[in-house]
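Colleague: One structure coming up, written as structure tokens, with questions to follow.
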Amino acid sequence: MTFNSFNNPGFVKVLKFLQTHNTEYLSGQDLSDVLRISRVAIWKHIKKIQELGYTVESKQKLGYKLTENSDSLFPWEITSDLKTKFIGQKAYYFDTISSTQDQALKMANESENNGSVIIAEIQTGGKGRDGRKWISPKGGISFSIILHPKFDISITTLFPIASSLALSKAIENTFKITPELKWPNDLTIKGNKISGILVDVVLESNKIESLILGVGINFNVDVKAIKKILKETPNFYGVSSLSEYNKKIKPIELVQNFFVELEKIYELLNKKQTKNIISEWTKRSSTIGKNVEVNTSDGKIKGKAVKIDEDGALIISNKNKTDKVIAGDIIHLSK
Ligand code: BTN
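Take the position in the sequence shown, starting the count at 1, then add 159; the result is the number in our numbering.
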């Protein structure tokens, strides 16, 4: 099942009307008159609304009343009252897909897809960093955003760091807890991973054509089941689900909030205003100040994580030696 945010105007009109008038019963005739849609079409839309997991009560002589929304991140829910200029203003929803990242890559070169979001309920081939898997069961949040940035390649390495900061802020705004940022771009709570970020860059003669930002959030997932699958894999250090911290927050609140925070940070990057991003990331970081070990493609580096530099690389010092690490998996050795 796939939907987008712009191809179902009649259906969305009926749904929106039911959502904004959810304290009263609305007759099929009234809906038809107000929305200028035939009664047959109204009936068909209401049937589909119910099939998609919304609860619509119907009473003879009174009509219809929407009593519960769906928890699915349908594209019309994402775009509804979304306070951004372009991020998330176009959304594509898949109930099951191999990877939203692959799908976004396929759609990336269309200019009208700048800011578009590809979101899936379940990914069967979710991708993590460095060729790892990302387990994406129902209850998790998995999406990819297509971006056509104005900034140049030198800023690109900071983009994943900046995105993890935006997500940390969005979780703080909605859940009222502040996740730590584990370099390069994991979000953790009490040391357990709640989100991972993956960025694919499409280059065209040394210019950034597109950035694909993939975000996986353990929103309401079975932590034990994920641990069972991942515990033998390298770089696994623990997993946690956001729902453990507050069961009342709806996934849509977090996703919309993230798009707003991301757009703010993206505009700063476009203006090359990176200082605040680095200092805010550092404040939330669980890595800086710790003794760490990093597995890089050139071997292991041990030392104290001192800071991230202007392009997001981690600076590690050991005695009189300083290393700059651009990518790699990190283990925190000291608390
Ligand atoms: C990591 O921590 O290794 C990064 C995980 C990124 C997962 C997201 S889920 C949405 C998007 N689609 C994918 O296949 N991967 C990213």
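Backbone N, C-alpha and C fix where the C-beta goes; we use that ideal spot for every residue, glycine too.
Nothing here was measured: the structure is a model prediction, and the numbers come from that model.
#1: Can you tell which of 285, 350, 246 and 171 has the C-alpha that lies nearest to the C-alpha of residue 493?
#2: With H, G and I counted as helix, E and B as strand and the rest as coil, what does DSSP make of residue 428?
#3: In the DSSP output, what is residue 224 paired with across the bridge?
#4: Assuming residue 179 is part of the alpha helix (DSSP H), what are its boundary residues?
#5: Using the Cα positions of residue 276 and residue 480, report the straight-line distance between them to the nearest angstrom.
#6: For residue 210, does the count of other Cβ atoms within 10 angstroms reach 16, so buried, or fall short, so exposed?
#7: Which stretch, first to last residue, makes up the beta strand (DSSP E) that contains residue 491?
#8: DSSP has residue 359 in a bridge; who is on the other side?
#9: Is residue 341 buried or exposed, if buried means 16 or more other CB atoms sit within 10 Å of its CB?
#10: Would the C-beta of residue 374 count as close to the ligand BTN, meaning under 8 angstroms from any of its heavy atoms?
#11: By the three-class DSSP mapping on this structure, what secondary structure does residue 409 have?
#12: Closest to residue 455 by CA distance: which of 428, 489 and 312 is it?
#13: With hydrogens ignored, establish whether the beta-carbon of residue 378 is closer than 8 angstroms to any heavy atom of the ligand BTN.
#14: Just to check, is the beta-carbon of residue 369 closer than 8 angstroms to a non-hydrogen atom of the ligand BTN?
#15: Helix or strand or just coil, what does DSSP make of residue 380?
#16: Does at least one heavy atom of the ligand GTP sit under 8 angstroms from the Cβ of residue 302?
#17: Does the pairing of the region 276-288 with the region 244-264 give three or more beta-carbon distances under 8 angstroms?
#18: Roughly how many whole angstroms lie between the Cα atoms of residue 417 and residue 219?
#19: Taking three-plus beta-carbon pairs below 8 angstroms as touching, is the region 355-369 in contact with the region 408-416?
#20: Taking the C-alpha atoms as reference points, what is the distance between residue 485 and residue 405?
#21: For the region 387-400 against the region 306-317, do three or more pairs of beta-carbon atoms, one drawn from each stretch, fall closer than 8 angstroms, so that the two count as touching?
#22: Going by DSSP, what residues sit across from residue 448 in a beta bridge?
#23: Below 8 angstroms CB to CB, which residues in the same chain sit around residue 435 once its five sequence neighbours on both sides are set aside?
#24: So if DSSP puts residue 339 in a beta bridge, which residue, or which two residues, is it bridged to?
#25: Would you kindly work out how many angstroms separate the C-alpha atoms of residue 251 and residue 262, rounded to a whole number?
#26: Please confirm whether residue 321 and residue 425 have their CB atoms less than 9 angstroms apart.
#27: Would you say residue 364 touches the ligand BTN, meaning its beta carbon is less than 8 angstroms from a heavy atom?
#28: Could you tell me the alpha carbon to alpha carbon distance between residue 380 and residue 238, rounded to whole angstroms?
#29: Within 10 Å of its beta-carbon, does residue 303 have 16 or more other beta-carbons around it, so buried, or fewer, so exposed?
#30: Would you call the region 168-178 in contact with the region 196-204, where contact means no fewer than 3 C-beta pairs closer than 8 angstroms?
Modeller: Taking the geometry as given:
#1: Start at 1 with the first residue of the sequence shown, and residue 493 comes out as number 334. Among 285, 350, 246 and 171, the Cα nearest to that of residue 493 belongs to 350.
#2: As a first step, residue 428 is located in the sequence shown; it is residue number 269 there, counting from the start. Reduced to three states, the DSSP call for residue 428 is helix.
#3: The residue you call residue 224 lines up with position 65 of the sequence shown. Answer is 216.
#4: Taking the sequence shown and counting its residues from 1, the one referred to as residue 179 is at position 20. Its alpha helix (DSSP H) spans residues 168-179.
#5: Within the sequence shown, residue 276 is the residue found at index 117, counting from 1. Within the sequence shown, residue 480 is the residue found at index 321, counting from 1. Roughly 43 angstroms between the two C-alpha positions.
#6: Here the question's residue 210 lines up with position 51 in the sequence shown. By the 10 Å Cβ count, residue 210 comes out exposed.
#7: Counted from its first residue, the sequence shown places residue 491 at position 332. Looking at the DSSP string, the run of the beta strand (DSSP E) that includes residue 491 is 488-491.
#8: For the purposes of this step, residue 359 is taken as the residue at position 200 of the sequence shown. According to DSSP, which records beta bridges pairwise, residue 359 is partnered with 371.
#9: Stepping through the sequence shown from its first residue, residue 341 is reached at position 182. Residue 341 is buried by the Cβ-count criterion.
#10: By 1-based counting over the sequence shown, the position of residue 374 is 215. Residue 374 Cβ: within cutoff of the ligand BTN.
#11: Position 250 of the sequence shown, counting from 1, holds the residue named residue 409. Of the three classes helix, strand and coil, the one that applies to residue 409 here is coil, per DSSP.
#12: Here residue 455 is taken as the residue at index 296 of the sequence shown, counted from 1. Looking at the Cα atoms, 489 is the closest of the given residues.
#13: Here the question's residue 378 lines up with position 219 in the sequence shown. No.
#14: Position 210 of the sequence shown, counting from 1, holds the residue named residue 369. Not under cutoff, so the answer is no.
#15: Along the sequence shown, one-based indexing puts residue 380 at 221. Three-state result, residue 380: coil.
#16: Because the ligand GTP does not appear in the structure shown, any question about it cannot be addressed here, the ligands present being the ligand BTN.
#17: yes
#18: Residue mapping note: residue 417 aligns to position 258 of the sequence shown, counting from 1. Residue mapping note: residue 219 aligns to position 60 of the sequence shown, counting from 1. C-alpha separation (whole angstroms): 42 angstroms.
#19: no
#20: In the sequence shown, counting from the first residue as 1, residue 485 sits at position 326. In the sequence shown, counting from the first residue as 1, residue 405 sits at position 246. Whole-angstrom Cα-Cα distance: 35 angstroms.
#21: no
#22: To locate residue 448, count along the sequence shown from 1; it is residue 289. None, per the DSSP bridge assignment.
#23: Against the sequence shown, residue 435 aligns to sequence position 276. These residues qualify, in order along the chain: 427.
#24: On the sequence shown, residue 339 is found 180 positions in, with the first residue counted as 1. BP columns for residue 339 point to 347.
#25: The sequence position of residue 251 within the sequence shown is 92, counting from 1. The sequence position of residue 262 within the sequence shown is 103, counting from 1. Each residue's Cα considered, the two are about 10 angstroms apart.
#26: Indexing the sequence shown from 1 puts residue 321 at position 162. Indexing the sequence shown from 1 puts residue 425 at position 266. The answer is yes: Cβ separation under 9 angstroms.
#27: Within the sequence shown, numbered from 1, the residue matching residue 364 stands at position 205. Flag unset: Cβ of residue 364 not near the ligand BTN.
#28: Within the sequence shown, numbered from 1, the residue matching residue 380 stands at position 221. Within the sequence shown, numbered from 1, the residue matching residue 238 stands at position 79. So the alpha carbons of these two residues sit roughly 25 angstroms apart.
#29: Sequence index remark: in the sequence shown, residue 303 carries index 144 (1-based). That one is buried.
#30: yes
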